[in-house]
Each structure stands twice: as C-alpha cells, then as structure tokens.
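Asker:
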Amino acid sequence: EEKEKLLSLRYEVARLALEGEDIAKAKSELKELIKEAPDFCPARVSLGDAYLQQDRVEDAVKVWKEGYLALGKSVFLSRLEDYYLGAEDPSTLLGIYKAILDQRDNDMILRLFYGKLCLRLEMVDEALEQLFAVESTGIETPHLHLLLAEAHRRRNRIDESVDQYKKALGVDGRLRINYVCDVC
6 EEKEKLLSLR YEVARLALEG EDIAKAKSEL KELIKEAPDF CPARVSLGDA
56 YLQQDRVEDA VKVWKEGYLA LGKSVFLSRL EDYYLGAEDP STLLGIYKAI
106 LDQRDNDMIL RLFYGKLCLR LEMVDEALEQ LFAVESTGIE TPHLHLLLAE
156 AHRRRNRIDE SVDQYKKALG VDGRLRINYV CDVC
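With the numbering used here applied, the sequence shown corresponds to residues 6 to 189, in that order.
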C-alpha cells in the first residue's frame with residue numbers, strides 16, 4: 006500500500022514537472038516509474054504526452070502503441086486518435102489499427118475504436134462490420150448501440166437505427182416512472 010502511494014506521489018511530481026515545462030525531468034521520472042511498475046498506465050500516457058510536447062511524434066506514438074499492447078487500455082487509443090485526427094492524418098491511424106488487429110483479432114476495444122473511426126471517415130460498411138463483430142460477442146454498451154444506430158441511419162435503415170437508439174437509451178416499450186419520496 007505504501008509502495009502504491011509512493012508511486013502515485015512520484016507520478017504527481019513528474020506530471021507537475023511536465024506542466025511546468027521541465028520535460029527532461031518529467032521524462033526521466035516517468036521512465037523510472039515504468040521500469041518499476043510496467044502496469045502503471047498513467048506514467049505511459051504521460052510519457053507519450055512528454056514526447057509530443059517535444060515534437061517527437063514517433064516516440065510518442067511508439068509509447069502509446071506499446072502501452073496499448075501491454076495494458077490494453079483504451080486511453081492509449083484515445084491519445085492516438087486525438088493526435089492523428091488533429092494532424093488530419095486518419096490514414097496512418099487506420100493503418101495502426103489494422104496492424105494491431107492483425108496481431109489481436111479478438112480485441113473488442115480496438116474493434117470498437119476502429120469501427121468508430123471508420124464511421125467518422127464515412128467508411129460505413131467497414132464500420133458496420135467492426136461494430137457487428139463487437140456486438141456479436143455479447144457486449145452491451147450504450148456507446149456501441151449509438152454507433153450502430155448512426156451507421157444504420159447513414160445507410161437509410163431507419164428501423165434498425167431506431168432499434169439501436171432504443172437500446173442505447175434503455176427504452177423497451179414500457180413506461181417506467183421512478184418514485185421518489187416527498188422529502189427527497
């Protein structure tokens with residue numbers, strides 16, 4: 006427990022150094038944290054951010070890709086997406102997603118992100134394929150149903166779209182009224 010607290014404190018010191026533009030100090034501490042605790046996700050995310058602040062894009066992308074492959078956390082995919090869409094380079098991001106999917110065919114988080122990106126890029130058929138693959142595993146999230154609803158809407162499949170919106174909103178045809186006491 007004390008080691009975890011110390012790890013968190015050291016991370017905060019590195020994060021503050023990063024905010025204070027002392028990037029070299031921040032990177033050094035973050036690298037040490039990753040060596041000591043390879044599964045400590047915030048250190049990997051912030052190390053990529055530090056590289057990005059230095060305009061070392063390839064290093065930032067490498068850290069985030071390795072972080073995702075090692076830990077499987079969606080925050081790394083979000084960082085990659087933010088960078089590549091901000092740089093108006095979605096084709097490179099598509100390539101990264103495809104390369105990782107070649108290695109990890111059963112990665113449903115990646116399929117969800119890939120489907121979302123395809124939908125954003127008007128690659129609706131590819132988006133539907135990825136999102137159906139996620140849905141077929143039994144995963145039920147409002148985000149998935151919203152993406153499926155939007156994909157169906159873009160294909161003018163209004164009934165399917167409405168069904169997906171209902172699933173996303175948790176509407177099943179019955180009126181449910183929550184009762185609350187007068188004091189609350």
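For every residue, glycine included, the Cβ atom is placed at its ideal position computed from N, Cα and C.
(1) Report, in whole angstroms, the separation of the C-beta atoms of L35 and S51, which I expect to be a contact under 8 Å.
(2) Could you pull out every residue in the same chain whose Cβ sits closer than 7 Å to the Cβ of H157, ignoring the five residues on either side in sequence?
(3) Between R15 and P47, what straight-line distance do the alpha-carbon atoms span, to the nearest angstrom?
(4) Among Q59, D112 and I101, whose alpha-carbon lies nearest the alpha-carbon of Q135?
(5) Are the beta-carbon atoms of A22 and A31 separated by less than 7 Å?
(6) If L152 and G120 are in contact, beta carbons under 8 Å, what's the gap, nearest whole angstrom?
(7) Determine the direct distance from the alpha carbon of C186 to that of L122, and round the result to whole angstroms.
(8) Which value, in whole angstroms, describes the spacing of the CA atoms of Q59 and V80?
(9) Candidates L124, T146 and E9: which alpha carbon is nearest D44's?
(10) Threshold first: 3 residues or longer. Then list the beta strand (DSSP E) segments lying entirely within the region 71–112, N to C.
(11) Using the three-state DSSP reduction, which class does C123 fall into: helix, strand or coil?
(12) Compare the Cα-Cα distances from E131 to each of G143, R159 and I144 and report the closest residue.
(13) Ignoring anything shorter than 3 residues or poking outside the region 7–45, list the beta strand (DSSP E) runs there in chain order.
(14) Could you name the residues of the same chain whose beta carbon sits closer than 8 Å to that of I114, not counting the 5 residues immediately before and after it, in chain order?
(15) Using the three-state DSSP reduction, which class does E145 fall into: helix, strand or coil?
(16) How close, in whole Å, do the beta carbons of R20 and G53 come, if the pair is a contact with beta carbons under 8 Å?
Answerer: In short, the structure shows the following:
(1) 6 Å
(2) E165, S166 and Q169
(3) 11 Å
(4) D112
(5) yes
(6) 6 Å
(7) 45 Å
(8) 20 Å
(9) E9
(10) none
(11) helix
(12) R159
(13) none
(14) G77, S79 and L82
(15) coil
(16) Not quite, the Cβ-Cβ distance comes to about 13 Å (not below 8 Å), so this is no contact.
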